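Take the sequence shown: its position 109, counted from the start at 1, is 151 in my numbering, and no numbers get skipped.
We treat Cβ as the ideally placed atom computed from N, Cα and C, and that holds for glycine.
Since we're looking at a predicted model, the values are computed, not measured.
Report on the structure given below.
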Amino acid sequence: MLSSSRRTPDSESSRICRTSAHSWGKLRGWSMVVFYPKGVRWACHRCAMCCANTSTHNRTIRLLQDEIEKLARVTGRKEDEFSEPTNDEQLYPRMMKKRGGKCFFLRDDLCLVYDNRPLTCAFYPFFLTQASANSMKICLTPEACPGLGKGEVIQRDYYARLLQLALQKMPNITVPRVRSLLE
Ligand code: SF4
Ligand code: SF4
Numbered sequence: 043m044l045s046s047s048r049r050t051p052d053s054e055s056s057r058i059c060r061t062s063a064h065s066w067g068k069l070r071g072w073s074m075v076v077f078y079p080k081g082v083r084w085a086c087h088r089c090a091m092c093c094a095n096t097s098t099h100n101r102t103i104r105l106l107q108d109e110i111e112k113l114a115r116v117t118g119r120k121e122d123e124f125s126e127p128t129n130d131e132q133l134y135p136r137m138m139k140k141r142g143g144k145c146f147f148l149r150d151d152l153c154l155v156y157d158n159r160p161l162t163c164a165f166y167p168f169f170l171t172q173a174s175a176n177s178m179k180i181c182l183t184p185e186a187c188p189g190l191g192k193g194e195v196i197q198r199d200y201y202a203r204l205l206q207l208a209l210q211k212m213p214n215i216t217v218p219r220v221r222s223l224l225e
């Protein structure tokens, strides 16, 4: 998950988590309960809105160290070509560069690195956030993904796969770092 101005735990995103009308299901990850929203309908329209800035939102696509290395390997590009440093060296050392407000790897509204897209992209339109000392929530982004409210209700398996992906990419994450995970 991800925004222009970096969101904080008390920002709009967390508010949406707290005030969501959805009931919550439970998964487990990083030795804590991870809640997911029940009853969310979503079908991606492949509009690529989440891969670019909008008139109200500058998208930030943060990259884990392994993702930077893999993108460099599979594209044959140097990391400086497609990414730039963040101030979050531990978890997301770099973020994707944009060209004309669009992700460096977006061409004609298609992702050139889809099979290797960052975790934040795989999670969209959701992100993970800390809910309490022993729990996290998979929340909806505050951005207006046009696929929300469309299609089938997302089932538990979908959230379980997202969480599994996050666990694979960040197996040794510590609780303090979980606090800002994928926001
Ligand atoms: S903004 Fe929503 S509908 Fe559009 S490509 Fe992203 S996830 Fe799919
Ligand atoms: S890596 Fe792919 S999915 Fe992620 S923002 Fe860029 S173009 Fe979109």
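Cutting at 6 Å between CB atoms, please list the residues of its own chain near H64, excluding the five before and the five after it.
P79, K80, G81
What residue ranges within the stretch 177 to 216 form continuous beta strand (DSSP E) runs of no fewer than 3 residues, ordered along the chain?
177 to 182, 190 to 195
Rounded distance between the beta-carbons of A94 and K144, thought under 8 Å:
4 Å
Which residues end up in the neighbourhood of ligand 4 when you take C-beta atoms closer than 6 Å to any of its heavy atoms?
Among the ligands present in this structure, namely ligand 1 and ligand 2, ligand 4 is not found.
Close-in-space but distant-in-sequence residues of the same chain around L69 (CB under 7 Å, 5 per side omitted):
V76, Y78, Y201, A202, L205
At what residues does the beta strand (DSSP E) containing L170 begin and finish?
168 to 174
Cβ-heavy atom distance between L148 and ligand 2 below 8 Å?
yes
3-residue-minimum beta strand (DSSP E) runs that sit fully inside the stretch 100 to 130, ordered along the chain
125 to 130
Looking at E185: is its Cβ nearer than 9 Å to the Cβ of T96?
yes
Please indicate yes or no: does the CB of M138 lie closer than 8 Å to some heavy atom of ligand 2?
yes
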